[in-house]
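Chemist:
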DNA sequence: GAGATACTAAAGTTTTTGCTTGACAATAGA
DNA sequence: TCTATTGTCAAGCAAAAACTTTAGTATCTC
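Chains as they are written, first to last, in the working numbering: chain A, 1 to 110; chain B, 1 to 110.
#1: Along the chain, where does the alpha helix (DSSP H) that runs through residue 39/B open and close?
#2: Spell out whether any CB of chain A is found under 8 Å from the CB atom of residue 40/B.
#3: Strictly under 8 Å for the Cβ-Cβ distance: is residue 24/A near chain B by that measure?
#4: Could you name the residues of the same chain whose beta carbon sits closer than 7 Å to that of residue 60/B, not counting the 5 residues immediately before and after it, in chain order?
#5: What in chain A is Cβ-close to residue 82/B, meaning under 7 Å?
#6: By how many angstroms is the C-alpha of residue 34/A removed from the C-alpha of residue 41/A?
#7: For residue 102/B, does the count of other Cβ atoms within 10 angstroms reach 16, so buried, or fall short, so exposed?
#8: Given a threshold of 16 other Cβ atoms within 10 Å of its Cβ, counted over all protein chains shown, does residue 20/A qualify as buried or as exposed?
#9: Please check if any C-beta of chain B sits within less than 8 Å of the C-beta of residue 16/A.
#10: Is it buried or exposed for residue 45/A, if we count other Cβ within 10 angstroms and need 16 for buried?
#11: What does residue 74/B reach in chain A if we use C-beta pairs closer than 7 Å?
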């Protein structure tokens with residue numbers, strides 16, 4: 001399996017683009033085909049497919065082809081990774097904040 | 001105040017770069033100066049300052065200059081925004097999943 | 001006040017990204 | 001079978017992003 005770091009890199013990079021986030025917003029309402037996904041977007045189908053490849057490689061989207069239509073849906077794994085990264089940071093900075101609070105409320109502690 | 005959409009765009013774009021995430025990782029352990037932040041990174045100080053500007057504009061970092069040294073620290077607002085976006089998506093796709101589950105466990109429902 | 005430190009600002013270069021184009025494959029429906 | 005639909009692939013291009021260079025300014029320390 002690919003390293004945690006690479007997976008994090010891919011997921012955050014994928015989320016960095018507004019078009020890809022728009023795709024994810026639509027997919028969170030339910031699975032749709034590539035051309036349905038492309039329709040409201042002001043770009044060619046080929047461009048949308050490229051975005052989908054990036055989303056799939058970062059485990060934010062899963063796709064499956066049946067006949068000639070590829071259906072796309074949300075894949076929670078990538079999201080979980082991103083949330084974990086943020087949470088890990090928060091744990092660190094909140095722990096610091098707690099220590100600071102303790103220091104301020106108990107200034108005589110040795 | 002800037003629109004929610006612009007704030008989201010900035011925060012996700014800022015998090016998309018690995019160097020900026022490395023900066024955030026360091027800052028979550030506590031406030032540091034710009035040059036301390038730059039030291040382990042394989043780039044010039046000027047480049048780090050540019051990253052910091054982006055992080056500050058996206059409310060992920062707050063900085064304050066005292067004398068000649070600028071001290072940087074985590075600013076939770078940007079993180080909260082990102083988490084909210086992800087959570088909003090999850091609410092949608094999990095609701096769908098629940099309905100699907102109900103449909104599968106109670107197939108005779110009219 | 002002289003030198004060292006800690007940045008800042010602007011311009012230029014290089015790399016990456018997002019997108020298009022055009023040519024093509026596979027499947028569905030008449 | 002022929003035609004429209006749905007998607008794929010690879011090459012190329014323009015804009016954006018990341019980074020460097022150069023030339024500063026402000027402040028600290030001696």
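Quick reminder that beta carbons are idealized off the backbone N, C-alpha and C, glycines included.
Modeler: Let's see:
#1: Run containing residue 39/B: none; DSSP gives neither H nor E here.
#2: no
#3: yes
#4: 11, 14, 24, 75, 78, 79
#5: 86
#6: A direct Cα-Cα distance of roughly 11 Å separates residue 41/A from residue 34/A.
#7: With fewer than 16 Cβ atoms within 10 Å of its Cβ, residue 102/B is classed as exposed.
#8: buried
#9: yes
#10: exposed
#11: Per Cβ cutoff of 7 Å: 93.
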